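Numbering of the sequence shown is given in our numbering, commencing with residue 131 and proceeding in unit increments. Note that CB positions come from ideal geometry on N, CA and C, so glycine has one too. As the structure is a prediction and not an experimental result, all values here were calculated from the model. Written below as structure tokens is the structure these notes are about.
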Amino acid sequence: PDYVANLGNDLRGIRLGVPKEYMIEGIDPQVRAAIEAAVKQLNSLGAEIIEVSLPSTEYAVAVYYIIATAEASANLARFDGVRYGYRADNPKDVLDLYGRTREEGFGPEVKRRIILGTYVLSSGYYDAYYLRAQKVRELIRRDFASVFEKVDALISPTSPIAAFKLGERVADPLQMYLADIFTIAANLAGICGISIPCGFAELDGDRLPIGLQLLGKPLDEARILQIARAYEQSTDCHKARPPIASNLPKP
């Protein structure tokens, strides 16, 4: 497909859906305000705004972190230091090679996912967790398929909060996972998406970036890029920089 052919087109005739489950009460008020402003801006560019529903959204985080960790456990089992990848130095024997290679080569988050994935794939838990997660994944996919019969694309916050500071939530993985609630459904449903800047949130004297997410039908990246470019060309959000990046050279 030609991804640039429609980049200069306006948004007249395009229907954009706003999932009501993505504008929940727990969203940071500054994030909500930025997204609502972006919705108005897209409407002013000619897009029709329609409220839609994705009822299985509440299960997305749990489903993703069951399926994704199961895949991580299965795929990363091959990293044993023998065939490719990192290899521990001077192993005493093959078991020491396997153990130290994985201990030294994988970071805390990767280890966490391997452990959780191994658990959900283990005997006695495969049916209870993994198979059920795959069934709910299909419900999520059907939700999106149904909505895309009514609209051309979806708009939402990228995250319910502004970008958190580097290292701020490392000690609380659950909070980090919950911040993914609006983005991981795209992976589960097999649809395309993009996140673009739409403003900043003020927090303790810092300006933290807010993202606007656009989601499209499978293989409809050209439409998503068209909408994203139209929005960026009508605002200066993508030109603004948070203080931490103010001294970086311009691209």
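Within 8 Å, strictly: CB atoms of residue i and residue j
| i | j | result |
| --- | --- | --- |
| Ile244 | Ala202 | yes |
| Gly211 | Leu227 | yes |
| Leu175 | Asp140 | yes |
| Ser130 | Asp273 | In the structure displayed, the chain extends from 131 to 381; residue 130 sits before or after that span and is not available. |
| Ile324 | Ile354 | yes |
| Ala331 | Val148 | no |
| Ala163 | Tyr260 | no |
| Ala293 | Pro339 | yes |
| Glu239 | Ala218 | no |
| Pro303 | Gly156 | no |
| Arg262 | Gly320 | no |
| Ala204 | Leu318 | no |
| Asp132 | Ala352 | yes |
| Asp350 | Cys322 | yes |
| Ser277 | Leu184 | Rather than Ser, the amino acid found at residue 277 in this sequence is Val. In contact: Val277 and Leu184 (Cβ atoms closer than 8 Å). |
| Tyr361 | Ala168 | yes |
| Phe209 | Arg232 | yes |
| Glu188 | Lys150 | no |
Cβ neighbour criterion (16 or more within 10 Å) applied to residue i
| i | result |
| --- | --- |
| Gly386 | Lying before the first or after the last residue shown, residue 386 is absent from the chain, which here runs from 131 to 381. |
| Gln356 | buried |
| Val281 | buried |
| Val300 | exposed |
| Tyr216 | exposed |
| Gly335 | exposed |
| Gly254 | exposed |
| Tyr152 | buried |
| Val134 | exposed |
| Gly297 | exposed |
| Ala138 | Here residue 138 is Gly; the residue named in the question, Ala, does not match the sequence. Under this definition Gly138 is an exposed residue. |
| Ala177 | buried |
Delimiting residues of the beta strand (DSSP E) encompassing residue i
| i | result |
| --- | --- |
| Ile340 | Asp336 to Gly346 |
| Val182 | Glu178 to Val182 |
| Pro290 | No beta strand (DSSP E) holds Pro290; DSSP gives it neither H nor E. |
| Glu332 | Cys322 to Leu333 |
| Ala149 | Correcting the residue type first, residue 149 is Pro in the shown sequence and not Ala. Residues Arg145 to Pro149. |
N-terminal and C-terminal residue of the alpha helix (DSSP H) that residue i is part of
| i | result |
| --- | --- |
| Thr187 | Run containing Thr187: none; DSSP gives neither H nor E here. |
| Pro303 | Pro303 to Leu308 |
| Tyr361 | Glu351 to Ser364 |
| Tyr249 | Pro238 to Leu251 |
| Leu227 | Val224 to Gly235 |
| Ile270 | Arg262 to Val277 |
| Glu166 | Pro159 to Ser174 |
| Gln318 | It is Leu, not Gln, that sits at residue 318 in the sequence shown. First-last of the alpha helix (DSSP H) with Leu318: Ile314 to Ala319. |
beta-carbon residue i near the ligand FMN non-hydrogen atom, thresh 7 Å
| i | result |
| --- | --- |
| Val212 | In the structure on display, the ligand FMN does not appear, and there are no ligands present to speak of. |
Assess contact between the region 279–286 and the region 342–356, defined as three or more Cβ pairs (one per stretch) separated by less than 8 Å. Is contact present? yes
Report yes or no: do three or more beta-carbon pairs, one from the region 204–224 and one from the region 260–268, lie closer than 8 Å? no
The region 181–201 contacting the region 308–317, beta-carbon criterion three pairs below 8 Å: yes
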